[in-house]
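Chains as they are written, first to last, in the working numbering: chain S, 1 to 322; chain P, 323 to 695. We treat Cβ as the ideally placed atom computed from N, Cα and C, and that holds for glycine.
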């Protein structure tokens, strides 16, 4: 039993680590989509963030500078998205696809040009990364039976960006539901005409939503390349941006529900690595691919109305014409 | 925005605007090459030589063109119905599965003239199935086609990894791939087909599926502009309510459109699997499904335009490979960058150059109809 609990704890710990970039990107997706802009470019922004973070950290030796520049890179990609689909009223999906392909090409091209390592960035020494933070009193808590282990494994010992992601969720909820900006943001995603007739700029509101989202994706990228990992490798985002988008939809465009979806998707992946080759009672061995595909299966089922009823923002995908 | 912009003349819309957008995309990419410290003109020269001049280069270019024609047609057909099919990647993968299943099950017993059409059909039907499910979910359950097709790309990838590394893995193989397909279902190489006719061309992967692609273009044209179904597809694409009011079954049209669209994408497997790899390997779709979006956008959803755009991307893919040999710091991934820029300029920013260009042309071309002036 104790062993099972310990295994579960390790899985939950892995869940949190896997879910961190998902949470950040999902919050980014919520900002953008609640303002009425479809955001399939989360993937590209995440990838750009990861590349820029690792590059700047490798060149300057500062993780903080890497993080800052990653956020700027995410924002820059967001601004391209905004320029195309807010300013020029282009198709939001096409723009998203363009950004994803651009990010994929640009990170490799620049990576090869800068470091000549086939698209990778050099490995960062520990002191140039965001390393796990040990919380106060971990050793003291060890003497307490169950709680001590939970405190050491689950609560303490993550890098700073994990806690940033955990903070981003309530902050997003707070901004969305309890601030003037949030109220207007939700309104612009539902009835932009009303926001416009109240004398508030639809364009500027949507740009701001995208900028916040870009910064969040940048943090998520930095997490991948200079916190969880120690360098950038090509296609590092590996579909995480799309899983985050699935989590946004699965969470019905609500921060807390999307957070739960991220944890669930993260847990599925964490469990997959633990269950690989293990035969479960009654079911037998579950194929890894099936477990990894679960987020997509669940999202499809949800969208089809088989699990609950999705309610996307009313004005999503629709360019605003004055 | 206060003064209404004059409409763009048809020739400018069809020819001048795409060229300007293309130029803008290449210009930005050129700046990036310059920033890296290489000569963009020289790079472009290497790409053009690699795509058209070197012996066999043209064959490779047309080989890639074939892929882009299939995925371009897939995206374009859905566009005509105002559906956004970004699932070409997954549909093509499953198309490979269909071709393989047809080859393994029937190809062994049949001679080539029967076996090849069956394998091609297998690819079409399998791709169609992977397109029709999102189509059904959109039409009947209201799930957004964009998200569903994205999810189906990942589902297809997972399924193929599972099958190729498990049940369909060739015995004794380490890397995930199937055994070689039945000989009778393999498509002949173009060079081998032309030799008896007296043409001696350099051998390249270019194979008979290039002809299938040309056929698919013709089918596309007739289907969209000269059949009742095509009329229905365009009507639903123009205005769903009006189409419904006119008695068109909107849901059924959407479902059929997505089935055929997925089928076109599935045909990519005829080129890559039946014509080239001769077995199913992982990731043989290599992003062709996504680039199909760029091809359809640039080709204005018309088969001729799609062919020209596919040729452009085929040349880029082949020419991009040459960059690896000629330059230290720019590689074939440069092509991804160019593709991204082209999608951005000719797709997402399609309206950016439109108004200023229209105003400029209106200044030089006197209005013919005084009522409009």
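Can you pull the chain S residues whose beta carbon is under 7 Å from the beta carbon of residue i, in chain order?
i, result
"residue 655 of chain P", "105, 108 and 109"
"residue 612 of chain P", "97 and 101"
"residue 634 of chain P", "Residues of chain S passing the Cβ test: none, with the nearest at roughly 15 Å."
How about residue i and residue j: are their beta carbons less than 7 Å apart?
i, j, result
"residue 366 of chain P", "residue 374 of chain P", "no"
"residue 565 of chain P", "residue 558 of chain P", "yes"
"residue 188 of chain S", "residue 36 of chain S", "yes"
"residue 398 of chain P", "residue 407 of chain P", "no"
"residue 100 of chain S", "residue 33 of chain S", "no"
"residue 507 of chain P", "residue 437 of chain P", "yes"
"residue 312 of chain S", "residue 190 of chain S", "no"
"residue 460 of chain P", "residue 588 of chain P", "no"
"residue 232 of chain S", "residue 50 of chain S", "yes"
"residue 645 of chain P", "residue 663 of chain P", "no"
"residue 255 of chain S", "residue 173 of chain S", "yes"
"residue 222 of chain S", "residue 70 of chain S", "yes"
"residue 352 of chain P", "residue 340 of chain P", "no"
"residue 390 of chain P", "residue 632 of chain P", "yes"
"residue 28 of chain S", "residue 262 of chain S", "no"
"residue 119 of chain S", "residue 108 of chain S", "yes"
"residue 450 of chain P", "residue 584 of chain P", "yes"
"residue 448 of chain P", "residue 417 of chain P", "yes"
"residue 259 of chain S", "residue 162 of chain S", "no"
"residue 611 of chain P", "residue 529 of chain P", "no"
"residue 359 of chain S", "residue 473 of chain P", "Here chain S has residues from 1 to 322 only, and residue 359 of chain S is not among them."
"residue 562 of chain P", "residue 386 of chain P", "no"
"residue 86 of chain S", "residue 203 of chain S", "yes"
"residue 151 of chain S", "residue 141 of chain S", "yes"
"residue 215 of chain S", "residue 46 of chain S", "no"
"residue 575 of chain P", "residue 554 of chain P", "yes"
"residue 683 of chain P", "residue 616 of chain P", "no"
"residue 504 of chain P", "residue 427 of chain P", "no"
What do you reckon, is the C-beta of residue i under 6 Å from a heavy atom of the ligand SAH?
i, result
"residue 148 of chain S", "Absent from the structure shown: the ligand SAH. Ligands present: none."
What are the residues that DSSP puts in a beta bridge with residue i?
i, result
"residue 280 of chain S", "S:284"
"residue 496 of chain P", "BP columns for residue 496 of chain P are empty, so no partner."
"residue 511 of chain P", "P:529"
Just to make sure I have the definition right: I need the residues of chain P whose C-beta is within less than 8 Å of the C-beta of residue i. Which are they?
i, result
"residue 305 of chain S", "463, 464 and 465"
"residue 132 of chain S", "Those do not exist, as residue 132 of chain S stays about 31 Å from chain P at its closest Cβ, beyond 8 Å."
"residue 287 of chain S", "484 and 488"
"residue 113 of chain S", "358, 359, 651 and 652"
What does residue i touch in chain S if you count any residue whose Cβ is under 9 Å from its own?
i, result
"residue 696 of chain P", "It is not possible to answer for residue 696 of chain P, since the shown part of chain P is limited to 323 through 695."
"residue 406 of chain P", "91, 93 and 94"
Could you name the residues of chain P that residue i contacts, counting a contact when the two beta carbons are closer than 9 Å?
i, result
"residue 40 of chain S", "408, 468, 469 and 472"
Could you name the residues of the segment 83-98 of chain S whose beta carbon sits closer than 9 Å to any beta carbon of chain P, in the order they occur along the chain?
-> 83, 84, 85, 87, 88, 89, 90, 91, 92, 93, 94, 95, 96, 97 and 98
Considering only residues of the segment 557-618 of chain P, which uninterrupted alpha helix (DSSP H) runs meet the minimum length of 4 residues and lie entirely inside it, listed in chain order?
-> 562-567 and 572-588
4-residue-minimum alpha helix (DSSP H) runs that sit fully inside the segment 202-248 of chain S, ordered along the chain | 202-222
Positions along the segment 465-483 of chain P whose CB lies within less than 8 Å of some CB in chain S = Answer set for the segment 465-483 of chain P: 465, 466, 468, 469, 470, 472, 473, 474, 476, 477, 480, 481 and 483.
Quick one: which residues of the segment 234-260 of chain S get their C-beta closer than 9 Å to a C-beta of chain P? List them in chain order.
-> If the cut-off is 9 Å between Cβ atoms, the segment 234-260 of chain S has 234, 239, 242, 243, 245, 246 and 249 near chain P.
Mind checking the segment 567-589 of chain P against chain A and listing, in chain order, the residues whose C-beta falls within less than 7 Å of any C-beta there?
-> The chain labelled as chain A is not found among the protein chains of the depicted structure, namely S and P.
Selection of the segment 646-678 of chain P by Cβ proximity to chain S, strictly under 8 Å | 650, 651, 652, 653, 655, 656, 657, 658, 659, 660, 661, 662, 663, 665, 666, 669, 670, 671, 672, 673 and 674
Counting only runs that start and end within the segment 617-645 of chain P, where is the beta strand (DSSP E) found for 3 or more residues in a row?
-> none
Taking Cβ-Cβ distances below 9 Å as the criterion, which residues of the segment 287-301 of chain S are in contact with chain P?
-> 287, 288, 289, 290, 292, 293, 295, 296, 297, 299 and 300
Identify each residue in the segment 449-460 of chain P for which the Cβ-Cβ distance to at least one residue of chain S is less than 8 Å, and report them in chain order.
-> 459
Which residues, in order along the segment 326-352 of chain P, keep a beta-carbon less than 8 Å from a beta-carbon of chain S?
-> none
What residues from the segment 612-629 of chain P come within 9 Å of chain S, judged by C-beta to C-beta, listed N to C?
-> 612, 613, 615, 616 and 619
Quick one: which unbroken alpha helix (DSSP H) runs of 4-plus residues sit fully inside the segment 110-141 of chain S? Chain order, please.
-> 138-141
Quick one: which unbroken beta strand (DSSP E) runs of 3-plus residues sit fully inside the segment 329-416 of chain P? Chain order, please.
-> none
Residue ranges of each alpha helix (DSSP H) run of no fewer than 4 residues wholly in the segment 15-101 of chain S, ordered along the chain?
-> 42-60 and 63-82
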